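Read left to right, the sequence shown gives residues -19 to -1, 1 to 237 (mature numbering (1 follows the signal peptide of the UniProt record, and there is no 0)).
Beta carbons: idealized from backbone N, C-alpha and C, even for Gly.
Since this is a predicted model, take the numbers as computed values, not measurements.
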Amino acid sequence: MTPARGIAVIACAIAVIAAIRDSVANSDSVANSDSVANSDSVANSDEEAIRFLQTYGYLDGDNVQTISDNATLALRHAIALFQEYYRIPGDSVLNEVTLEHMRKPRCGVKDILHELDDSPRKWARTHLTWNFHLASESVLRVTKVAFEMWAANSSLTFERNSTNPDIVISFRKGFHTFVDPRHRGSRICPSLLDGPGNVLAHAFLPSSEVSEVHVDSAEKWHIELTVNPDDTIHLLHTLTHEIGHALGLHHSPLTE
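If you want it as structure tokens, here you go:
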């Protein structure tokens, strides 16, 4: 999607969300104090929500190009799908609780994968090598523990090898490149790391040669094996999650 087309899609989608909100506000069934009602922030909240829903696979941009009944239904469905995924009350309404969940620090990998993305991928072998590119001793120590956790809970084994490893991890920021030259095609990573908060890291499913994990260097990381202070992000927890993607696992809805 071109930037101009993307702006047009967002503008149409904002209008559709406004129409949804108006129709809900006028109904007797909804008098929810959590609903986004502050007119000064409505447009920004709408745009934020639409971009989030598109980024993480809940909403197809083509479905909100026009202000129509179909676009209204597509947005309602996208909001409802996100609320169902994270068990948020809301009845398809963009409320403050829903927005708060969208704003939480998270992995940059999509929650909802479409047909072409959803083909299962896994490594053809059970012994895998890894390396954290240009990492300090403390980062390597934490990374080793993350892989040990996966080894303890699977049939896989891991060892560090800086020469052509199967899984390459690196600190990246903003618009960035892949580290490993074995990547075919563009060296530019298609996913943005957006600075402190929101996207913490992202990873790529296994390929025939290499998988990469990109960790946002702009975050305030806790690089220890202890409980992290409230104002920091635990590197161990983030790496353990992202390694799961590098092994072929997708996101799954919250469960008990």
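Just curious, the beta strand (DSSP E) that Ile150 is in, first and last residue? 148 to 153
Please check the pair Val194 and Ala227, which I expect to be a contact at CB under 8 Å, by giving their CB distance rounded to whole angstroms. For a cut-off of 8 Å, the C-beta gap from Val194 to Ala227 is around 6 Å, short enough to register as a contact.
Could you round the C-beta distance between Lys103 and Pro234 to whole angstroms and report it? I think they count as a contact, below 8 Å. About 21 Å separates the two Cβ atoms, so there is no contact after all.
Pair within 7 Å by beta-carbon distance, Tyr66 and Asp27: When the beta-carbon positions are compared, Tyr66 and Asp27 stay at least 7 Å from each other.
Helix, strand or coil: which one does DSSP assign to His203? strand
Contact check, Gly89 vs His183 under 8 Å by CB: the rounded distance? 3 Å
Roughly how many angstroms lie between the CA atoms of His218 and Lys125, to the nearest whole one? 12 Å
If you reduce the DSSP assignment to three classes, tell me which class Ser119 lands in. helix
Taking Cβ positions, are Phe159 and Val196 nearer each other than 7 Å? Not closer than 7 Å, so no.
Within 10 Å of its beta-carbon, does Ile169 have 16 or more other beta-carbons around it, so buried, or fewer, so exposed? exposed
List the residues that DSSP assigns as beta-bridge partners of Ala184. Val194
Given this structure, state the Cα-to-Cα distance separating residue 240 from Ile69, to the nearest angstrom. Since the first and last residues shown for the chain are -19 and 237, residue 240 lies out of range.
What's the gap between the Cα of Ser167 and the Cα of Asp161? 12 Å
Report the three-state DSSP secondary structure of Gly38 (helix, strand or coil). coil
Inter-residue spacing [alpha-carbon to alpha-carbon] between Asp41 and Ala55: 8 Å
Buried/exposed call for His108, threshold 16 Cβ in 10 Å: exposed
What separation, rounded to the nearest whole angstrom, lies between the Cα atoms of Val74 and Glu140? 48 Å
Buried versus exposed, by CB contacts within 10 Å (16 or more), Ser192: buried
Pick helix, strand or coil for Arg57, following the three-state DSSP scheme. Under the three-state reduction of DSSP output, Arg57 falls in the helix class.
Please list the terminal residues of the continuous alpha helix (DSSP H) segment that includes residue 239. The structure shown does not extend to residue 239, since the chain spans only -19 to 237, so no value can be given for it.
Helix, strand or coil for Arg32 per DSSP? It is helical.
Minimum C-alpha distance to Glu190 - residue among His203, Ser172, Pro210, Trp111: Trp111
Identify the continuous beta strand (DSSP E) that holds Thr138 and give its terminal residues. Following the DSSP letters along the chain, one finds Thr138 inside the beta strand (DSSP E) bounded by residues 138 to 141.
Between residue 277 and Lys201, how many whole angstroms is the CB-CB distance? I'm expecting something under 8 Å. In the structure as shown, the chain starts at -19 and stops at 237, and residue 277 therefore has no counterpart that could be examined.
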